[in-house]
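All remarks here apply to the structure that follows.
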Amino acid sequence: MGNSKSVSLSKDVLEELKSNTRYTDEQLFAWYQTFMKECPSGQISREQFESIYASFFPDADPKAYAQHVFRSFDSNSDGTLDFKEYIVALHLTSSSKTFQKLEWAFALYDVDRNGTITKNEIHEIVKSIFNMISIEDQKNLPDDENTPEKRTEKIWDYFGKKENGKIALFCIFLHYLVSLIWVTG
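For what it's worth, UniProt numbering labels the leading residue of the sequence shown as 1, then goes sequentially.
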């Protein structure tokens, strides 16, 4: 997947992307041409991704968070994003269904990719997010979440986990369903 260097978009990849996203042939071909123009190797390295990400946060330190985002999109763990992974990432973050976004968020927090999230993994991601928030803006956060440690505790408490517990994707989905039922009555 991540090592694919084909010059044209294969019919199989096109069909797979169409069935897993809401994008049309025309959109996918246009994005493919742009992708290949910007990444002639057919891949985006982690370093390239970090550089692109940094351009969106010029006054912050997004490197750690960008590494986690990259990892969550690099589905075959080869250290690159190919066109297919890139489009799936674009779809997940912009127009996918809520459960797909929950799956992606879970993958982001599941740092070791073992299918569960620990309190330490939450802290690692929260800390990387705080690196992108100015000190001044951090001061404006509510008292119970104005540090990475407090925010981690708040998230952990939300799921009702003990100190050494773990969160599974099903647990997150269940909390989401309960919140929907609670809101919609």
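No residue lacks a Cβ here, since even glycine has one placed at the ideal position from N, Cα and C.
Residue from the options whose Cα sits closest to the Cα of residue i
i: Phe170; options: Phe159, Phe57, Lys37; result: Phe159
i: Ile129; options: Asn76, Thr118, Glu149, Arg113; result: Glu149
i: Ala64; options: Ile172, Asn140, Glu121; result: Glu121
i: Leu108; options: Asn114, Gly79, Ser72; result: Ser72
i: Ser94; options: Ser45, Glu136, Thr21; result: Thr21
i: residue 215; options: Ser10, Tyr32, Ala54, Thr80; result: The question about residue 215 has no answer, for the chain in this structure spans 1 to 185.
i: Pro62; options: Thr152, Val126, Lys139, Leu90; result: Val126
i: Asp157; options: Pro40, Gly42, His175; result: His175
Own chain, CB closer than 7 Å to residue i, minus 5 neighbours either side, in chain order
i: Glu124; result: Val111
i: Asp144; result: Lys150, Lys154
i: Leu92; result: Gln100, Lys101, Trp104
i: Arg113; result: none
Paired residues, beta bridge with residue i - DSSP
i: Ser168; result: The residue asked about is misnamed: residue 168 is Ala in this sequence, not Ser. Per DSSP, Thr116.
i: Leu81; result: Ile44
Sequence-distant residues of its chain with Cβ nearer than 6 Å to residue i (five each side left out)
i: Gln87; result: This sequence places Ile at residue 87; Gln is not what is there. Closer than 6 Å at Cβ, skipping near neighbours: Leu17.
i: residue 199; result: The structure shown has nothing for residue 199, since the chain only spans 1 to 185.
i: residue 221; result: This structure leaves residue 221 out entirely; the chain is present only between 1 and 185.
i: Ile52; result: none
i: Gln43; result: Thr80, Asp82
Which of helix, strand or coil DSSP assigns to residue i
i: Leu90; result: helix
i: Thr152; result: helix
i: Ser134; result: coil
i: Lys162; result: coil
i: Leu141; result: coil
i: Ser179; result: helix
Cβ-based neighbour list, residue i, same chain, cut-off 8 Å, excluding 5 preceding and 5 following
i: Thr24; result: Lys18
i: Phe56; result: Pro62
**OP:** Scan the UniProt domain "EF-hand" (97-132) and note each continuous alpha helix (DSSP H) run of 4 residues or more that stays entirely inside, going in chain order.
**Re:** Considered as a whole, the UniProt domain "EF-hand" (97-132) harbours 98-109, 119-130 as its complete alpha helix (DSSP H) runs of no fewer than 4 residues, in chain order.
**OP:** Write down every uninterrupted run of the beta strand (DSSP E) in the stretch 4-79 whose length is 3 residues or greater and which is fully enclosed by it, in chain order.
**Re:** Every unbroken stretch of the beta strand (DSSP E) spanning 3 or more residues and falling wholly within the stretch 4-79 is given here in chain order: 43-45.
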